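Each remark here refers to the structure printed beneath this line.
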Amino acid sequence: MKIALLGYGKMGRIIEKIATDRKHEIVLKIDFDNIGDLTAENLQKADVAIEFSTPGTVLNNIYECFNANVPVVVGATGWYDNLNQVKEDCVAGNHSLVYASNFSIGVNLFFHVNKVLAKLMNNYPYYEVQVEEIHHTQKLDSPSGTAITIAEGIIENLDAKKEWVNILSDSDRDDTGGQIKNDQLLIESFRIDSVPGTHTVLYDSEVDTIEFKHTAHNRNGFALGAVMAAEWIAGKKGFHAVQDMFNFEV
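All residue numbers for the sequence shown refer to the numbering used here, where the first residue is 517 and numbers rise by one.
Have a look at this one:
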């Protein structure tokens, strides 16, 4: 399979290695220094594009793939405010897209169990829940897309929570005056050098704490999942979430 990489930072380089190890060919690499090479003609040399750029460029890159009629795997976040419009345009144009806040297989298992746990916790309202996430200091968005997906999975299944709110670091917590409403789910974000990503769901009561955690040791799991998504989307049409790749029903 021939792959175009849109975004050639740390993730792009790891994706390149994993893709070539799996006998795929990288035919196009786009980063800030050669953005002019992102043309329909160049994209059409690829069977699929993998998008891991930035919140400021991801939306344009998605539509460039649509214009070239090249399937696209979208790992960058920061565009979800436009998700419904992108979905509509994808379906209307008979294009192909699969997206995820995190393509890691382990994280997607975590997402599924998180929803099951939240549903169970409706029976035990004396537990208060919050989400904590830790990423490297170069992380551009807060909260992370993974943390948002975790929070939304809780809100969809736990009646007590209606929306999430984010606090970045302990210092910002003081600025809120502790004014987190009962129906709000707190996502607390920390930025620490060299941390690939740690996400924790805490259910806390007076008598105990339930801690559900996923810790990434490196970025390889994210990259492998993205390459697997590229393999999966080949020959398919439509707008897909990464969950469509998996069957976690038990």
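All C-beta atoms in this analysis are idealised placements derived from N, C-alpha and C, irrespective of residue type, glycine included. Note that this is a predicted model, so its numbers are computed, not measured.
query: What residues are listed by DSSP as bridge partners for Gly741?; result: Answer is none; Gly741 lacks a bridge partner.
query: Please name the residue in Ser710, Asp553, Thr536 and Gly523 whose C-alpha comes closest to that of Met744.; result: Thr536
query: Flag this pair as yes or no: are the beta carbons of Glu649 and Ser705 separated by less than 9 Å?; result: yes
query: Put Thr731 into one of helix, strand or coil per three-state DSSP.; result: strand
query: What residue from Leu702, Thr714 and Glu644 has the CA that sits closest to Val723's CA?; result: Glu644
query: So, at 8 Å on beta carbons, what are the nonlocal neighbours of Lys561 in its own chain, with the 5 sequence-adjacent residues on each side left out?; result: Lys518, Ala520, Val543 and Leu544
query: Enumerate in chain order the residues of its own chain whose CB-to-CB distance from Glu668 is below 8 Å, with the five nearest sequence positions on each side excluded.; result: Trp680
query: At which residues does the alpha helix (DSSP H) containing Glu604 begin and terminate?; result: Leu599 to Ala608
query: Is Met527 near Ala739, with beta carbons less than 9 Å apart?; result: yes
query: When you compare only the Cα positions, how much space is there between Asp688 and Ser658?; result: Any reading at Asp688 must be qualified, since the residue scores a pLDDT of 44, below 50, and its modelled position is unreliable; no value is offered.
query: For the beta strand (DSSP E) that Asn577 lies in, which residues bound it at each end?; result: Premise fails: Asn577 lies in the alpha helix (DSSP H), Val574 to Ala584, not in any beta strand (DSSP E).
query: Which residues in the same chain have their Cβ closer than 8 Å to the Cβ of Thr653, if we skip the five residues on either side of it in sequence?; result: Arg707, Ile708 and Asp709
query: Could you work out which residue in Lys677, Gln759, Ser617 and Asn583 is closest to Ala556 when comparing CA atoms only?; result: Asn583
query: Could you check what DSSP says for Asp720 in three-state terms: helix, strand or coil?; result: strand
query: With distances taken Cα to Cα, identify the nearest neighbour of Thr714 among Gly591, Gly622, Ile726 and Gly552.; result: Gly622
query: Using the Cβ count rule (16 or more neighbours within 10 Å means buried), how would you classify Pro587?; result: buried
query: Does the beta carbon of Ala745 fall short of 8 Å from some heavy atom of the ligand COA?; result: Ligands are entirely absent from the displayed structure, and the ligand COA is therefore not among its contents.
query: Could you tell me which whole beta strand (DSSP E) segments of length 3 or greater appear in the region 605-688?; result: 612-615, 644-651 and 679-684
query: Among Ala565, Trp595, Gly591 and Ile551, whose alpha-carbon lies nearest the alpha-carbon of Pro571?; result: Trp595
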